[in-house]
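Before any comments, here is the structure.
There are 2 protein chains.
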Amino acid sequence: MLDQPSLVTLADQEIRRLILAGELAPGQRLYEAKLSEQLGISRPPLREALRVLAAQGIVRQTPRQGYRVVELSEQDVDEIYSLRAVLEQFALDLALPALRTEDLAELDTIMSRMWHAARTASEPAIVAANREFHLGLVALARHKRLSHAYAAVMDQMQLCMSKNLRAEAHQSGTLFEGCRRHERLLDAIRTRDPNQVRRELARHGERTFLDRAGSTGSGG
Amino acid sequence: MLDQPSLVTLADQEIRRLILAGELAPGQRLYEAKLSEQLGISRPPLREALRVLAAQGIVRQTPRQGYRVVELSEQDVDEIYSLRAVLEQFALDLALPALRTEDLAELDTIMSRMWHAARTASEPAIVAANREFHLGLVALARHKRLSHAYAAVMDQMQLCMSKNLRAEAHQSGTLFEGCRRHERLLDAIRTRDPNQVRRELARHGERTFLDRAGSTGSGG
DNA sequence: ACGTTAAATCTTGTAGACAACAGTCTTCCG
DNA sequence: CGGAAGACTGTTGTCTACAAGATTTAACGT
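Quick note, the sequences are listed as chains A and B, same order.
When we follow my numbering, the leftmost residue of the first sequence carries the number 12, and every step to the right adds one.
When we follow my numbering, the leftmost residue of the second sequence carries the number 12, and every step to the right adds one.
If you want it as C-alpha cells, here you go:
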C-alpha cells in the first residue's frame, strides 16, 4: 500500500510522475494488472486514476484496448504550445491590473531555486522549477478554471520535453539563458505594462527555456 | 443495462444529461448506490464516470463525502464566461486565415435548427443548437485540445443556464434576438475580417443569447 | 509454402462483497 | 436542562472474482 489519502489520488500522482519522468515512455501500453501490482493496489482505484489521467490528456484510452501513454505528433506539440501561450497571456491580462508587489514574492523564491538548479545542472530540478514558476504565474490571475486548464497543458508540455529535449537541456548555457528569460519576464511583470509583458511573453513562448526549435524540424 | 459501448461512457453521458437538464440540481448529493441502481449498473463503472465528470468540473468530489453537483458562485460564473470568451476568440483567430466557405455549411444547418427552435419556443432545442453552434465554431480551428477544453467550459455554461435563466429564456423575443446575434457573428466570420469578428464576439460574449445580465444582480 | 481459421491466452469490463470512515441519534452525566 | 460521549446507521473506499472481448499463435487445409 502507499498511504491513506485515497489510492486513486496516489495512483494518479505516481503514474503521472512515472510518465513525466520518462520511466513510462510515450506510446507504451499500460497493463492494469501489472501497474496495479507495481503500485500495490487493486485494479478499481487504478482504473479511476487512469480515467482522470485520460481526461487530462496524459494517457489515451481506446475502448477494448486499454490505456497507452500519449504519443505526441508535431501537430499535438503545436497545439500544446499555442494553447499554453493563450492561457498564460490571458492569465497575465487578468493579473496585471490587480497585481500587488507581495504576490511576486513566491515567484522570486522559485527563481532562486531555478538559478540554483541551473548552476548545479540539475535537469529535474530545472523542470520542476519551471513548472512551479509558470503555475505560479497563472495563479496570479486567481482564476481556478484557468489554473486547472493550464496545469493540464503544463503536464503535456513536460511530456514533450521528456521525449525531445534531453540533449539541449544538458548544455548549461541554455539553462542559464532560460533563467534569464524567466527573470526578464518577471521584470516585465513588475512594470505592470501589458505591452511589455506581452512582448516578453511572446519571446518566452516561442523558445521555452528547454528549447524546442531544434527538435521540431526533425520530426514528421 | 444500457448498451455495449462501455458502461462508463454511458453513465458519463447520462449523468451529464441529467445534470445539464436540471434533473439533478446544483449542490445535490449523488449517492453512488442510488445512482448505480437508477442507471442499472454497478458502482465501479459509475465511480469511473464520476471521476471523469469531476475532472470536467461538472461534479465535485470531497474525499470521504462523496460527489455533489457543482454549485456555481458568481465568481465561478465570471470564470466560466471569461474563459469561454478567450478560448472562442483564440479559436477564431486560428480558424479565420485558413477558413473555407464549405466549412461554414454545418453552422448554417445548425442555425436553421436554432431558428426553428426559436419559432416553436423549444428551450431544450435552443440550448442544444446553441451548444452545437459554438462547438462547431471552435472546431473550425482544428485544434483538438482547444475543442476539448471548450467543451468542458460549455457544459459548465449550461450548468449556469439551467439554474438561472428559465424565465428569460421563455420570452420568445429574447430567443429570436439570440438567433440574430448568432447570424451576425456568422456574417462577421464570412467577411474573414478579424476585427469585425472580434467586435461581434465581444457583443456576443457579454450577453449570450440566454441572457445573463438580468440574473447576476440577484445572486450572492 | 501461404493463407485462413480456430483455439488458447491474456486483458479489459463488470459485478458483488467486505472494510473503514463519517454523520447522526440516543443516552448518560454534570 | 444542556452537553458530551458512545453506539448505530449509512456511505464511500477497496478488494476479489467472474464474464466478455481482443490478440496471438498454432494447426490445418489448399
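Where a beta carbon is used, it is the ideal one built from N, C-alpha and C, also for glycine.
Nearest residue (CA-CA) to residue i, options the options
i              : options                           : result
residue 6(A)   : 96(A), 140(A) and 147(A)          : Residue 6(A) is absent from the model: chain A starts at 12 and stops at 231.
residue 212(B) : 24(B), 71(B), 76(B) and 99(B)     : 99(B)
residue 89(B)  : 155(A), 171(A) and 197(A)         : 155(A)
residue 77(A)  : 87(A), 49(A) and 40(A)            : 40(A)
residue 153(A) : 168(A), 104(A) and 130(A)         : 104(A)
residue 252(B) : 129(B), 102(B) and 26(B)          : The shown model of chain B, from 12 to 231, leaves out residue 252(B), and the question about it has no answer.
residue 43(B)  : 75(B), 32(B), 67(B) and 31(B)     : 75(B)
residue 24(A)  : 186(A), 37(A) and 57(A)           : 57(A)
residue 163(B) : 49(A), 50(A), 55(A) and 66(A)     : 66(A)
residue 32(A)  : 109(A), 169(A) and 199(A)         : 169(A)
residue 138(B) : 185(B), 62(B), 202(B) and 205(B)  : 185(B)
residue 148(A) : 197(A), 214(A) and 210(A)         : 197(A)
residue 125(B) : 194(B), 210(B), 16(B) and 108(B)  : 194(B)
residue 203(B) : 96(B), 215(B), 97(B) and 112(B)   : 112(B)
residue 28(A)  : 209(A), 166(A) and 205(A)         : 166(A)
residue 132(A) : 48(A), 199(A), 187(A) and 209(A)  : 187(A)
residue 108(A) : 215(A), 206(A) and 214(A)         : 206(A)
residue 200(B) : 48(B), 72(B), 47(B) and 115(B)    : 115(B)
residue 145(A) : 47(A), 87(A), 50(A) and 118(A)    : 118(A)
residue 16(A)  : 73(B), 54(B) and 130(B)           : 73(B)
residue 238(A) : 128(A), 106(A), 129(A) and 130(A) : Here chain A covers residues 12 to 231 and nothing more, so residue 238(A) does not appear.
Range of the contiguous alpha helix (DSSP H) that encloses residue i
i              : result
residue 120(B) : 116-130
residue 20(B)  : 18-31
residue 147(B) : 134-150
residue 100(B) : 85-106
residue 48(B)  : 43-50
Assumed close pair residue i, residue j - CB separation to whole angstroms, cut-off 8 Å
i              : j              : result
residue 171(A) : residue 35(A)  : Wrong, their Cβ atoms sit about 15 Å apart, outside the cutoff.
residue 121(A) : residue 143(A) : 5 Å
residue 22(A)  : residue 52(A)  : 6 Å
residue 26(B)  : residue 64(B)  : 6 Å
residue 157(B) : residue 94(A)  : 6 Å
residue 81(A)  : residue 37(A)  : 6 Å
residue 97(A)  : residue 60(A)  : Actually they are not in contact, since the Cβ atoms of residue 97(A) and residue 60(A) sit about 29 Å apart, beyond 8 Å.
residue 71(A)  : residue 79(A)  : 5 Å
residue 192(B) : residue 159(B) : Not a contact, Cβ separation roughly 25 Å.
Which residues DSSP lists as bridging residue i, in chain order
i             : result
residue 70(B) : 80(B)
residue 40(B) : 79(B)
Using a Cβ-Cβ cut-off of less than 9 Å, list which residues of the segment 31-47 of chain A approach chain B; keep chain order. none
Where the segment 145-156 of chain B meets chain A: residues whose CB sits under 7 Å from a CB there = 154, 155 and 156
Of the residues that make up the segment 54-65 of chain A, which ones have a beta carbon closer than 7 Å to any beta carbon in chain B? 55, 58, 59, 62 and 63
Exercise for the section: Taking only beta carbons into account, state which residues of the segment 107-125 of chain B come closer than 8 Å to chain A, listed in chain order. Expected result: none
**OP:** Taking a Cβ distance cut-off of 8 Å, strictly less, list which residues of the segment 200-218 of chain B are near chain A, in chain order.
**Re:** none
- Message: Any C-beta of chain B within less than 9 Å: which residues of the segment 159-175 of chain A qualify?
- Response: 159, 160, 163, 164 and 167
- Using a beta-carbon distance cut-off of less than 8 Å, what residues from the segment 68-86 of chain A approach chain B? 68 and 74
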